[in-house]
Ligand SMILES: Cc1cc2nc3c(=O)[nH]c(=O)nc-3n(C[C@H](O)[C@H](O)[C@H](O)COP(=O)(O)OP(=O)(O)OC[C@H]3O[C@@H](n4cnc5c(N)ncnc54)[C@H](O)[C@@H]3O)c2cc1C
């Protein structure tokens, strides 16, 4: 086939130009390029892209389109069935090769296979999202890892990924096929416009991702070991949505983190990137991870159907300050600190005995970093039913967690302003505060701020007993 026949670069969760193996290989093939993004709503309803992710995608595509245009390229946007669109475009343009990155999401893998099977020319599927291909990291017996530490050690023993590829400076564009208008995809909220906090917090796109990474690595990584568990302040990188959409690659971050001396902070940061890798690996080997407990006996948990409690949790009105602060941070900026994600998840699953899948679905809709693998892997981890799960008897006490990790109360005060004037000694358990302390702070429990929706000690006992029954039946 002539080298004038175009090559399609099918962008997915790798919305960047640097360190993009598929884009790079397409350029090396010497063909005119046809960059393409398809909004394929093939995911099961439950996993249709959430509102916060749609907001992010809109802005990320805007940024990618602009970066491509600056180099002479043109991003074609299409919405619909990937196989039908690819067949149509290949037919119209005579495209001879297709280059794309991979995904661990089960339906994305099915779509990818169907597209590859239906494409007439050569297809190259490359790794653009994770550090290593999931099949590269296997146990000595050739199986999949089910426990994080040996998995992470096996990754480290590989000696790190290859250095990242530079972004192309110029792109030879093919004549673009019909494209749709991003603005017509309705990815942004209409009325009410709930995205103000997202706009104030984030800069989606490759440039925003790189700026955030540089700032974190330069200023915060040294203190990361100590600061990363404190939800107030900028102790962590906040790179997760950029990583999820592939605006920066894990490979780039790995190598950037190894510049200069990173100390303990670097070691832990790399281990966090490996948690992401581990989750992707789990989903690769267990496609039902988002739905079903890996430890099957947990399917028999006597979960409670308590819609008012679920709604109180979602709205940040449980009466437990650190939980409410986390849930309100999530609603406001589409992101929640990792320590608080663990606390709110433990509270929902254990103190309220509401199925982890309910929490997982709420996070899916509201997180800008909603990621099928990391979300389901972590929910299962907290529930105690996943790979390498936290022991079932570890039930976070949200009061003690608050006192330990938000000792000055800055985090709770920021997101639960109705408690802002309460003394730090009482802030994490206002129901135990003396009447005069509440009055001085203007807090009227049950009026200005809720009473706790569950008695923490009784909720803990109920969960322990249910978990013990399940364990003995397993
Ligand atoms: C119940 C629950 C649900 C979660 N859902 C998601 C999700 O949908 N998407 C998501 O990206 N993360 C999820 N996490 C993991 C973690 O909370 C976020 O990745 C982290 O808070 C992102 O903040 P950061 O970028 O500042 O992290 P940093 O501390 O700066 O870490 C750097 C990167 O490492 C990765 N990472 C860190 N911790 C984890 C972890 N526990 N699991 C997987 N990757 C990790 C992330 O990509 C992160 O950006 C979840 C955790 C819990 C407990």
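Numbering (our numbering), first residue to last: 172 to 645.
Virtual Cβ for every residue (Gly too), placed ideally from N, Cα, C.
Quick caveat: nothing in here was measured; it's all calculated off a predicted structure.
Beta bridge pairing from DSSP links residue 271 with 181, 296. Shown here, residue 563 sits in coil according to DSSP, grouped into three states, outside any helix or strand.
Classified as buried, residue 185 has 16 or more neighbouring CB atoms from the shown chains inside 10 Å of its CB. Per the Cβ contact rule, the stretch 193–201 is not in contact with the stretch 212–228 (fewer than 3 Cβ pairs under 8 Å). When DSSP reads this structure, residue 353 sits in no beta bridge, so it has no partner. Ranked by Cα distance from residue 564, the first of 220, 449, 460, 522 is 522. Assignment of residue 310 by DSSP, reduced to helix, strand and coil, places it in the coil class. In terms of Cα proximity to residue 450, the closest of 546, 312, 335 is 546. Straight through space, the alpha carbons of residue 620 and residue 607 are spaced by roughly 16 Å. The continuous stretches of alpha helix (DSSP H) do not include residue 205, which lies in the beta strand (DSSP E) extending over residues 204–210. Rounded to the nearest whole angstrom, the C-alpha separation of residue 285 and residue 346 is 25 Å.
Residue 318 has its alpha-carbon roughly 15 Å from the corresponding atom of residue 455. For residue 235, the enclosing alpha helix (DSSP H) stretches over residues 222–241.
Look at residue 409: its beta carbon is less than 7 Å from one of the heavy atoms in ligand 1. Pairwise C-beta distances place the stretch 370–389 out of contact with the stretch 481–493, as fewer than three of them are shorter than 8 Å. Counting only residues of its own chain and dropping the five nearest sequence neighbours on each side, residue 337 has a CB closer than 7 Å to the CB of 189. The beta carbons of residue 183 and residue 272 sit about 6 Å from each other, so the pair counts as a contact at 8 Å. If you draw a 10 Å sphere on the C-beta of residue 530, you find 16 or more other C-beta atoms in it, and that means buried. Residue 537: member of the alpha helix (DSSP H) spanning 527–537, first to last residue. Residue 200 is positioned such that its CB atom lies no closer than 8 Å to that of residue 266. When DSSP reads this structure, residue 247 sits in a beta bridge with 207. Residue 635 sits in a helix when the DSSP states are folded into three classes. Counting along the chain, the unbroken alpha helix (DSSP H) around residue 586 starts and ends at 581–586.
With fewer than 16 other CB atoms across the displayed protein chains lying within 10 angstroms of its CB, residue 307 is exposed. In this structure, the beta-carbon distance from residue 617 to residue 592 does not fall below 8 Å. In the structure shown, residue 465 adopts coil according to DSSP, grouped into three states. Burial state of residue 429 is exposed, judged by a 10 Å Cβ sphere holding fewer than 16 other Cβ atoms. For residue 550, the distance from the CB to the nearest heavy atom of ligand 1 is below 7 Å. Inclusion of residue 576 and residue 401 in the CB contact set at 8 Å is warranted, their separation being smaller than that value. Within the same chain, 217 come within 8 Å of residue 532 by CB-CB distance, once the 5 residues on both sides are set aside. Residue 616 sits in a strand when the DSSP states are folded into three classes. Between ligand 1 and residue 185, a heavy atom-to-CB distance of less than 7 Å is absent.
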